[in-house]
């Protein structure tokens with residue numbers, strides 16, 4: 105028979121520093137509400153241990169009702185967490201509570217290590233318990249051990265100093281009550297909605313039922329005179345958690361509707377996800393979870409912090425930046441790993457080897473899932489591409505290992521809504537879009553509406569035009585040029601169609617050198633803007649008379665600046681510099697030269713130039729008004 109508490113005993117808690125409680129209050133936990141998570145987690149551990157002992161024949165009694173109860177008394181200013189777990193003797197309280205250097209879980213594993221795997225129910229009933237003193241002036245434990253013949257309970261009391269008192273107590277049932285006498289600074293926790301919110305946040309998926317008060321429920325109670333069912337209102341336990349969440353189950357026993365239902369439970373107001381990945385790893389680390397791919401719009405920053413991190417079904421945080429690769433922060437879902445402690449810090453996560461392995465594994469699993477979907481049903485994958493490409497592109501930009509896998513299923517989409525893998529697209533455009541230096545040139549548009557005239561010009565030369573109009577595409581383009589050998593990307597409006605792909609072919613001008621200089625002077629006078637640089641270029645007579653472009657380099661720098669391109673931020677403040685290409689072979693150019701007066705020449709040049717601006721939505725304000733007036737005069 106184990107030793108019991110026979111008389112009042114006072115003593116000093118065996119700790120290494122006299123100032124442990126101020127340290128706990130100030131530094132151990134950043135948020136005082138964590139105390140409830142710790143105490144309920146300890147109660148779950150005590151309950152799980154009892155179930156384990158029963159499963160290996162070390163406990164032969166009735167398990168009975170194992171529900172954990174959280175209650176409060178506003179008048180007495182107490183919060184109580186009660187369980188029906190293994191309980192403790194007086195000696196065990198002294199050992200596990202007073203000697204915080206030892207963990208009850210460590211002894212538990214040592215004692216039963218040869219009788220099954222107990223590691224999944226280890227709790228650290230020690231330091232976490234002392235979080236109670238963040239909100240309490242005094243804490244009591246009333247506990248009765250599960251051991252046969254243990255006929256007396258023990259009461260432990262401590263007022264937040266290193267002094268404790270241990271006395272006999274009366275408790276008929278096995279288990280423990282932890283009673284917190286709330287201090288004056290923490291009376292906010294003596295509120296039903298405050299406690300309910302904390303429990304739902306941290307304990308929503310704990311593996312043992314947790315009761316918090318009661319709730320009214322309508323139940324069928326016979327029939328009325330017309331034979332219709334009658335209902336009566338009854339009080340029922342308010343169980344605040346789901347002890348068997350979806351991620352803790354085997355994927356083989358789940359259907360699509362189960363995953364969708366769980367998603368709605370996590371994110372009640374979100375659209376249905378595109379697909380999901382069920383993680384279940386037990387070596388070299390433990391990790392379970394479900395990650396969902398949501399439909400992400402271009403304002404994807406608003407979608408972050410939607411992954412919840414758990415440790416043995418206890419909520420830790422939804423700030424998972426150092427556990428999940430940055431490009432997958434856009435995913436939604438749940439990760440659960442006992443290898444991540446409850447009391448995490450940024451510095452811990454950044455340096456922990458297991459966390460790094462978990463991050464790498466998640467990256468691999470996501471890449472494998474995407475590849476599987478691509479191979480299984482390419483047509484369906486193409487339908488999803490517009491919603492998932494932001495994940496893939498972000499991954500390619502930021503993660504070398506992800507790129508190695510993603511290059512096989514990443515798709516290009518052209519303006520005709522056709523999809524190509526990297527290799528397919530290279531094969532498609534190489535014959536017609538290779539320049540004189542053997543570089544393959546990929547032509548793209550960032551805005552098909554504004555750049556339509558340029559797109560049509562490129563198509564007239566049988567060039568294909570990619571659609572790259574996403575929020576990350578300016579960075580994606582730079583990454584592609586680094587990864588793809590002898591490949592350049594040019595925006596369709598960065599050059600005239602003839603110069604987009606320099607094949608070394610020369611078009612002759614119908615104008616003499618002297619006439620070209622005259623035309624240049626006329627346009628420079630008409631434009632009168634030093635940020636617009638005029639060049640006379642021989643093009644096909646069917647091309648536009650004037651084309652306004654911005655060089656690929658300049659456009660790209662400005663795009664990078666807009667999307668936070670670090671060292672390119674200064675580009676955003678620079679004035680726009682444009683190239684004005686005047687088609688020396690167009691009939692309008694001849695007309696300008698032959699105009700009778702300088703005024704007429706300037707007027708026609710200005711009209712042709714404004715048409716070029718209009719085609720790019722660059723003509724606004726007074727310039728647009730004057731253009732309209734001039735157009736009316738010219739056709740009158």
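In the working numbering, the protein residues as written are 105 to 740.
Where is the CB? At the ideal position from N, CA and C, for every residue including glycine.
Contact between residue 187 and residue 150 holds, since their C-beta atoms are separated by about 5 Å, short of 8 Å. As the crow flies, the alpha-carbon of residue 637 is around 8 Å from that of residue 628.
Residue 460 holds the alpha-carbon nearest to the alpha-carbon of residue 389 among 413, 690, 460. Looking only at 170, 325, 555, 139, the smallest Cα-Cα distance to residue 336 is reached by 325.
According to the DSSP assignment, residue 639 belongs to the beta strand (DSSP E) that extends over 636 to 641. The C-alpha of residue 523 is placed about 20 Å away from the C-alpha of residue 538. With a minimum length of 3 residues, the unbroken runs of beta strand (DSSP E) contained wholly in the segment 578 to 653 fall at 591 to 595, 636 to 641, 650 to 653. Just measuring C-alpha positions, the residue of 462, 500, 521, 506 sitting nearest residue 486 is 521. For residue 642 against residue 693, the beta-carbon gap comes to about 10 Å, at or over 8 Å, which does not count as contact. Annotation: residue 690 is outside any alpha helix (DSSP H) and is labelled neither H nor E by DSSP. Ranked by how close their Cα comes to the Cα of residue 436, the residues 417, 376, 602 have 376 in first place.
Per DSSP, reduced to three states, the secondary structure at residue 457 is helical. The shortest CA-to-CA distance from residue 681 to any of 259, 143, 654 is the one to 654. In the assembly as shown, residue 732 is an exposed residue. Its beta-carbon has fewer than 16 other beta-carbons within 10 Å. Residue 631 sits close to residue 684, with the two beta carbons spaced by under 8 Å.
Annotation: the continuous beta strand (DSSP E) that includes residue 269 extends over 267 to 273.
In this structure, residue 308 sits near residue 345, with a CB-CB distance shorter than 8 Å. In the three-state scheme derived from DSSP, where H, G and I count as helix and E and B as strand, residue 412 is classed as strand. The segment 282 to 301 and the segment 179 to 194 touch, with three or more beta-carbon pairs separated by less than 8 Å.
Counting of Cβ neighbours within 10 angstroms places residue 333 among the exposed residues, the total staying below 16. The beta carbons of residue 393 and residue 383 sit closer together than 8 Å. For residue 469, same chain residues with a beta-carbon under 7 Å away, outside a window of 5 residues either side, are 381, 383 in chain order. Under the three-state reduction of DSSP output, residue 279 falls in the strand class. Between residue 400 and residue 413, the CB-CB gap reaches or exceeds 8 Å. Residue pairing from DSSP places residue 262 in a beta bridge opposite 243, 268. Here residue 506 has 467, 471, 499 as same chain residues with Cβ atoms under 6 Å from its own Cβ, once five neighbours each way along the sequence are excluded. About 6 Å separates the CB atoms of residue 146 and residue 232; that is less than 8 Å, so the two are in contact. When the five nearest sequence neighbours on each side are left out, the beta carbons in the same chain lying within less than 7 Å of the beta carbon of residue 612 are those of 642, in order along the chain. Collapsing the DSSP output to three states places residue 437 in a strand.
For residue 431, there is no enclosing alpha helix (DSSP H), since its DSSP letter is neither H nor E.
In the DSSP assignment, residue 165 falls outside any beta strand (DSSP E), carrying neither H nor E.
The closest CA to that of residue 722, considering only 661, 691, 241, 651, is found on 651. Measuring C-alpha to C-alpha distances from residue 347 to each of 306, 368, 136, 519 identifies 306 as the nearest. Residue burial is scored here from C-beta neighbours: residue 202 has at least 16 other C-beta atoms within 10 angstroms and is therefore classed as buried. Burial of residue 244 is indicated by the presence of at least 16 other C-beta atoms within 10 angstroms of its C-beta.
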